[in-house]
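Single-structure report; data block below.
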Amino acid sequence: MKGLMDRLQRWMDDYSIRKKLLILYVVCVLFPLVLTDAVILYIVFDNEHQQQQKEFASIASAVEADLAYTFEDAIDFTNSVYINRTLNLFLEQSFSSPLEFFEESRRFSTDPFLGNMNSERFQVMFYGDNDDIVNGGLFYRLDSVADSTLFLEYQQKDRDMTVIFNYKENSINVVSNRTIVMIRRMDYYRDLQKEKYVVVTVDYVNLVRRFQDMRYNAPVMVCSGDRILFTNDGNLRTKIDYEYLTGKENIRLERDFFICGEPFRILIMQPSGGILPSIQDHFLLILCLILVNVLLPLALVSLINRSFAQRLGELSTAFDRMDTEEIEELEYIQGTDEISALMWNYNQMVRRMKELIQTVYKDRLEKQGIDIARQQAELLALYSQINPHFLFNVLESIRMHCVLKKENETAAMVERLAILERQNVEWNTDDTTIEEEVSFIKAYLELQKYRFGDRLSYEIDVSKECQSVKIPKLALVTFVENSCVHGVEKKSVPCWIYLRVYWKENCLIMEVEDTGNGMDEDEVKLLNHRMNHVQIDDIRKKKHVGVLNACLRLKMATKDQVSFEMESEKGIGTFLVIRIPESAVL
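Quick note: the numbering used here has the sequence shown finishing at residue 669, numbered continuously throughout.
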């Protein structure tokens, strides 16, 4: 992000004030104006769209509820007829003569339920596979309509009950050639084997008129697939066949619903009107407001540009004179803004430059004094290296003296001590290989064996693949030293120290184990936390300073990817595991 801002700043530095102000006008005035107007228009149109969608959803729900209510009585009637055993038996009954059938059928006209089966909203007819039925009134033989288009369409749907919007070209109905027919198979009683159907004809004209009287605020179509069953556009279309969707309709909402298992679609079209015509009516006023918003800031930017250009030109001329070594102050400064302040500062700078010319030689003398101090510090650093080398020479002289006196054990101990001291002093690099670290550990443990005698034994097992791996210098020996000081030293019986280094599951594993005095549970828990979360401030504390120092250096070397896990039991010993992922190994 900072680099991008720097590049933009360098790019802007190459433009004149006039171009910068123009960019400011476009970016900070014109573009925000266009963006704001676009966002406002989007919000207005989106709100109108959301409002329309809610209204369309309400219209669709109302249409669905109205159609459900229209067919509810007819469906309830078919449900009652479906389980009416008397009527089912009548449709299968044998009659000796048409007169007997006529007299038996008259009984149903006096039935409170069946007597009112025909109403203004729908009409009912029954069809049965019975040759004794005389066609007329409510009852008809099935063979009289079995080959009709209506029943063939019913059989194709393969449902016990369905709704069919039918069109009959040569209908005897003078009002409408369109009908809505509900057909249901009457097979509730399994002991009655003959086919029987109840056919309910819903008044199409009454349904459409009631639908159009609802006065919805948008054009609505009810379709079966792509066939338009009826609309609310004011045209009944009862004498012509059903029309189909052309694909050019501006459908804003579509909802599916079912009647008797038959799928239907409610389509809500885009209504006329809305906010766009209102914007068109006030176009001139909106255009005037836009011009004011564009031209007024442009005029102001032009005035600001003239104010900048004149005074900055004078200042630029004054700086150009400095190339000819003519350092002169500006005589006339007008205004009190930042450019005027810059001109006053220029005059102050000229006066200051004349003063600084007189002090340049003094600064050079001070710089020479700093160089001399640095050289003295380097000499002191060289002197500090003489003492350790003097110590190594003395130790080597003692070792050779012991060899000459055939005091081989003392000579070996002095040699190991020299190795330890040299490792402590040579810090030209902070890293060492595990092989070098292990040799240092062996020297340290041999010195400790000289101290503890038979009380200390050790075993070192380092995989060959790990010997060349680098770790921070003196990191591993610190944990071995901790085992000697806090484990072996505090226990009077013989103890063992084990060191193991190997690869496992893409991790470098370093284990330090001792059979020394051990620690209690609380101390182990605290030390585990301190090792895994060590900070530089923890090094200042007195206890376990060496261990925490080694942990901190390992964490810094592995970018905090090392983990430490310590287990210990009082009187039994301590077991430490150090894990370093292969990706974090030096």
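Ideal Cβ positions, reconstructed from N, Cα and C, are used throughout, including at glycine.
In this structure, A145 sits near M297, with a CB-CB distance shorter than 9 Å. Q135 and F340 have their alpha carbons spaced roughly 21 Å apart. Annotation note: the region 545 to 571 contains the following uninterrupted beta strand (DSSP E) runs of length 3 or greater, listed N- to C-terminal: 553 to 555.
In this structure, the alpha-carbon of D97 lies about 23 Å from that of L383. Pairing E596 with F658 gives a Cβ-Cβ distance under 9 Å. Taking C-beta atoms as the reference points, E520 and V560 count as a pair closer than 9 Å.
Judged by DSSP in its simplified three-state form, G317 adopts coil rather than helix or strand. Residue environment: P302 is assigned as buried (16 or more neighbouring CB atoms within 10 Å of its CB, all protein chains considered). Inclusion of G656 and C578 in the CB contact set at 9 Å is warranted, their separation being smaller than that value. Distance from the CA of R613 to the CA of V568, rounded to the nearest whole angstrom, comes to 19 Å. Counting along the chain, the unbroken beta strand (DSSP E) around N249 starts and ends at M244 to Y250. Remark: C-beta atoms of F139 and R335 approach each other more closely than 9 Å. For K587, there is no enclosing alpha helix (DSSP H); the enclosing beta strand (DSSP E) has its first and last residue at C578 to K587.
In chain order, V645 place their CB closer than 6 Å to the CB of K638, counting only its own chain and leaving out the 5 sequence neighbours on each side.
Counting the other Cβ atoms within 10 Å of the Cβ of N315 gives 16 or more, which makes it buried. The C-alpha of L328 lies about 31 Å from the C-alpha of V127. Counting only the Cα atoms, I216 lies some 18 Å from D230.
Assigned with DSSP and collapsed to three states, D309 falls in coil, not helix or strand. One Cα belongs to S546, the other to Y585, and the distance between them is close to 5 Å. M352 is bridged by DSSP to I334. Counting C-beta atoms within 10 angstroms of its own C-beta, N600 has 16 or more neighbours from the protein chains shown and is therefore classed as buried.
Under the three-state reduction of DSSP, G654 is assigned to coil, being neither helix nor strand. Approximately 5 Å separates the beta-carbon atoms of I266 and Y237; this is inside 8 Å, confirming the contact. Here the alpha carbon of K437 sits roughly 10 Å from the alpha carbon of E411. Considering only A667, N615, V433 and R189, the residue with the shortest C-alpha distance to P555 is A667. Membership of Y271 in any beta strand (DSSP E) is not indicated, and neither H nor E is assigned to it by DSSP.
Cβ neighbours of T598 within its own chain (closer than 6 Å, five residues either side excluded): C578, W579 and G656. Relative to P346, the option among T515, T245, T153 and I422 whose CA is nearest is T245.
Listed in chain order, the beta strand (DSSP E) elements of length 3 or more contained wholly in the region 279 to 307 are 279 to 285 and 303 to 307. The residues R613, L631 and L635, in chain order, have a CB closer than 8 Å to that of D621 in the same chain once the five nearest residues on each side in sequence are set aside.
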